[in-house]
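According to our numbering, the sequence shown is numbered sequentially starting from 12.
Cβ coordinates follow ideal geometry from the N, Cα and C atoms, glycine included.
Before any comments, here is the structure.
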Amino acid sequence: MVFNTGAALLDAIVLAVVSKEPEGTYGYKITQEVRQVIELSESTLYPVLRRLQKDECLEVYDMECAGRNRRYYKVTSQGWAQLRLYESEWRQYSDKITGLFEGRIVFRAGPEEV
């Protein structure tokens with residue numbers, strides 16, 4: 012994809028993916044689901060997960076799976092609030108860009124151009 016993915020958009024995508032699992036989900040599965048939307052390496056994902064945890068948007072817990080511990084991530088109440096904000100901001104942003112591409116946005120001349 013030619014467009015860069017900034018930190019806020021990565022946070023929003025990861026929160027959206029994790030929010031789909033009420034009991035939380037683990038890193039590898041998050042990576043696979045995010046990759047269905049954007050290209051992302053595990054080395055990029057884990058700093059995002061740590062940042063969201065530090066910002067109290069995700070909580071972390073371990074669960075045994077096939078004799079090994081697997082780290083799970085779950086959206087917190089703070090994370091739900093942040094996800095709602097991201098969704099609202101994204102809708103406004105994407106509506107403006109789509110409107111521009113589709114010719115629905117009309118540019119008005121500023122006072123210095125009249």
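Contact annotation: Leu56 and Val71 have beta-carbon atoms that are not nearer than 8 Å. For Asp106, no beta strand (DSSP E) run applies; the uninterrupted alpha helix (DSSP H) run containing it begins and ends at Ser88 to Glu113, by DSSP. The beta carbon of Ile49 sits closer than 6 Å to the beta carbons of Thr16 from its chain, once the five residues preceding and following it are set aside; these are given in chain order. Cβ atoms of Lys85 and Val29 come within 8 Å of each other, at about 7 Å.
Short of 6 Å from the beta carbon of Gly35, and not among the five residues preceding or following it, lie these beta carbons of its own chain, in chain order: Tyr83, Tyr84 and Lys85. The criterion of a C-beta distance shorter than 8 Å is satisfied by Arg81 and Asp73.
For Leu26, the enclosing alpha helix (DSSP H) covers residues Ala18 to Ser30.
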